[in-house]
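Participant: Taken in order, the sequence shown gives residues -10 to 202; the numbers are from the numbering used here.
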Amino acid sequence: MEGKYIVIEGPIGVGKTSLATLLSMEMNARLFLEKAEDNPFLTDFYKDKKQSAFQTQIFFLLNRFRQQQELLQQDLFKRATISDYIFDKDRIFAYLNLDENELGLYEQIFSLLDGRIVKPDLVIYLQAEVDMLVERIKRRSREYEKEITREYLADLNEAYNHYFFHYTESPLLVIQTTDIDFVKSRTDLEDLIKQITTMKKGTHYYVPLSSRK
């Protein structure tokens, strides 16, 4: 897996960071994590989305761009790199949360930045049912996530599914995680790594080894 840039994506609470961390250790890859908690507007956003959406989104956009520029400075050809987000995710949230006027300004800024981003060699899209996302978010008990509603998660889940249904920029591996726990199942984890290392072009759907007959 030398020289591969792999991204883990999915809605809030789906387990992106956990899987990215696990894979980086198993594959001896560089780990590149987003730090959502660094956004000073995030807590206010979940309390009043309309009031705080634009500043929250612009902070995320510029912060993610800065992180991606740091990634560009690293040698991606010598060692695999695994990240828990794709830069394009910013638009998923923008279209979900911004009004028409805000979105017009946002798109102008996004278009200036997007061409200077490294595209991943593989995207792993994690799916889960909304009830499972609610449970996982509750379990990890992050202060700034306590105001997230089930309705917002349902809308976000739908937006993610729509985006990745049309995604063609990189090979895409889709995993329904509701009944999978790669942390607890060593067999499924090893099988997933095998799937990653043999991925070809196009979209593929991962079925865990423990579920196959």
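Where a beta carbon is used, it is the ideal one built from N, C-alpha and C, also for glycine.
How many angstroms separate the CA atom of PHE30 from the CA atom of GLN46?
Facilitator: 9 Å
Participant: Determine the DSSP secondary structure at GLU70, reduced to helix, strand or coil.
Facilitator: With the sequence shown as reference, residue 70 is identified as Thr, and Glu is not the correct amino acid for it. In this structure, THR70 counts as strand in the three-state DSSP scheme.
Participant: Taking 8 Å as the threshold, find out whether the stretch 7 to 26 comes into contact with the stretch 64 to 78 through three or more Cβ pairs.
Facilitator: yes
Participant: Taking only the alpha-carbon atoms, compute the straight-line gap between ASP33 and PHE82 and give it to the nearest angstrom.
Facilitator: 16 Å
Participant: Using the Cα positions of LEU122 and GLU96, report the straight-line distance between them to the nearest angstrom.
Facilitator: 29 Å
Participant: Can you name the start and end residues of the alpha helix (DSSP H) that LEU60 belongs to?
Facilitator: 38 to 61
Participant: Going by beta carbon distance, what residues of the same chain come within less than 6 Å of LEU178, once the five residues before and after it are set aside?
Facilitator: PHE171
Participant: Counting Cβ pairs, one atom from each stretch, are 3 or more of them under 8 Å apart for the stretch 134 to 151 and the stretch 49 to 58?
Facilitator: no
Participant: Taking C-alpha atoms, which residue in LEU161, ARG175, SER174, LYS173 lies nearest to TYR195?
Facilitator: LEU161
Participant: Quick check: the Cα distance between PHE43 and ILE126, rounded to an integer number of angstroms?
Facilitator: 24 Å
Participant: To the nearest whole angstrom, what separates the beta carbons of TYR133 and GLU26, a pair I think is in contact under 8 Å?
Facilitator: 6 Å
Participant: Rounded to whole angstroms, what is the Cα-Cα separation between TYR156 and GLN57?
Facilitator: 20 Å
Participant: By the three-class DSSP mapping on this structure, what secondary structure does ARG128 have?
Facilitator: helix
Participant: To which residues of the same chain is VAL119 closer than 8 Å at the C-beta, ignoring the five residues directly before and after it?
Facilitator: ARG139, LEU142, ALA143, ASN146
Participant: Can you give me the Cβ contacts of MET188 inside the same chain, cut-off strictly under 8 Å, excluding the 5 residues immediately before and after it?
Facilitator: LEU111, PRO160, LEU162
Participant: Quick one, which of LYS78, LEU181, PHE48, GLU59 has its alpha-carbon nearest GLY(-1)'s?
Facilitator: LYS78
Participant: Who does GLU(-2) pair with in a DSSP beta bridge?
Facilitator: TYR114.
Participant: Does the distance from the CB of ILE113 to the CB of ILE164 come in under 8 Å?
Facilitator: Contact flag set, yes.
Participant: On the CB-based measure, 16 or more other CB atoms within 10 Å of its CB, does LYS5 come out buried or exposed?
Facilitator: By the neighbour-count definition (other C-beta atoms within 10 Å, threshold 16), LYS5 is a buried residue.
Participant: What residue range does the beta strand (DSSP E) around ILE164 cover?
Facilitator: 161 to 165
Participant: Leaving aside the five residues before and after ILE(-5) along the sequence, list all residues of the same chain whose C-beta is less than 6 Å from its C-beta, in chain order.
Facilitator: ILE71, LEU111
Participant: For GLN207, count neighbouring Cβ atoms within 10 angstroms of its own Cβ and tell me buried if that reaches 16, exposed if not.
Facilitator: Because the chain is modelled from -10 through 202, residue 207 falls outside the range shown and cannot be assessed.
Participant: For LYS36 and GLU158, I'd like the C-alpha separation in whole angstroms.
Facilitator: Straight through space, the alpha carbons of GLU158 and LYS36 are spaced by roughly 35 Å.
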